[in-house]
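To keep things clear, I will list the structure first and then write my remarks on it.
Residue numbers (UniProt numbering): 1 to 209.
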């Protein structure tokens, strides 16, 4: 039997419908990207430049996708989203804390911003507080332990720097040398010292234990 001859394809009124675009193609689209391969509109004819331009300007390019991006060009807009994310503003692009700025967990309430992102803030605190580096304790209400504890405690301060508000103190040992030696001997003789066992059945050396 001879094969049946193919029927000529019927073109619907108004021409063939436009091809359905791929949303991933919209996200990856670039101005310099190659155009999609031409699709034959009718047998023996190709799309014109005007038809290609109409196809590229369809409404699907402005459709809001689930990730909130209007189009693939959103990631390369003027606002520089990477500066919004990391708080890089001004001349301090590396985020190294220089230039009189500091990090802060600020809330962004502007349109398109999200809450809880880091951003730079100007550090307007003075380098020194008059003749001192820190605000005096009398103005802040800071008290030392030696001032609060009873006098019988006998706190001994080895560092008193009011300019930098830095202090270091300790309590003297209440036991004399003979009492300390007696305590050490009692613990040594009254404790059943044991060495841990290794996986091979031997004992771990004392220095290691």
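The C-beta atom is built at its ideal place from N, Cα and C for all residues, glycine as well.
How would you write the range of the alpha helix (DSSP H) that residue 54 sits in, first residue to last?
-> Within the chain shown, residue 54 is the residue found at index 54, counting from 1. Taken as a continuous stretch (DSSP letters only), the alpha helix (DSSP H) holding residue 54 covers 49-56.
Spatial neighbours of residue 171 in its chain, beta-carbon cut-off 8 Å, leaving aside the 5 residues before and after | As a first step, residue 171 must be located in the chain shown, where it is residue number 171. Cβ within range, chain order: 153, 154, 155, 156.
Examine the Cβ distances between the stretch 158-172 and the stretch 123-135 and report whether three or more of them are shorter than 8 Å.
-> Three or more pairs of CB atoms, one per stretch, sit closer than 8 Å, so the stretch 158-172 contacts the stretch 123-135.
Beta bridge counterpart(s) of residue 156 as assigned by DSSP | Counted from its first residue, the chain shown places residue 156 at position 156. DSSP lists 170 as partners of residue 156.
9 Å Cβ cutoff, residue 135 in contact with chain C | The question asks about chain C, but that chain is absent: this structure has only one protein chain.
Who are residue 132's beta bridge partners in DSSP?
-> In the chain shown, residue 132 corresponds to position 132, counting from 1. Residue pairing by DSSP places residue 132 opposite 129 in a beta bridge.
Could you check what DSSP says for residue 122 in three-state terms: helix, strand or coil?
-> Residue mapping note: residue 122 aligns to position 122 of the chain shown, counting from 1. It is a strand residue.
Across which residues does DSSP place residue 191 in a beta bridge pair?
-> Numbered from its first residue, the chain shown carries residue 191 at position 191. In DSSP, residue 191 forms no bridge with anything.
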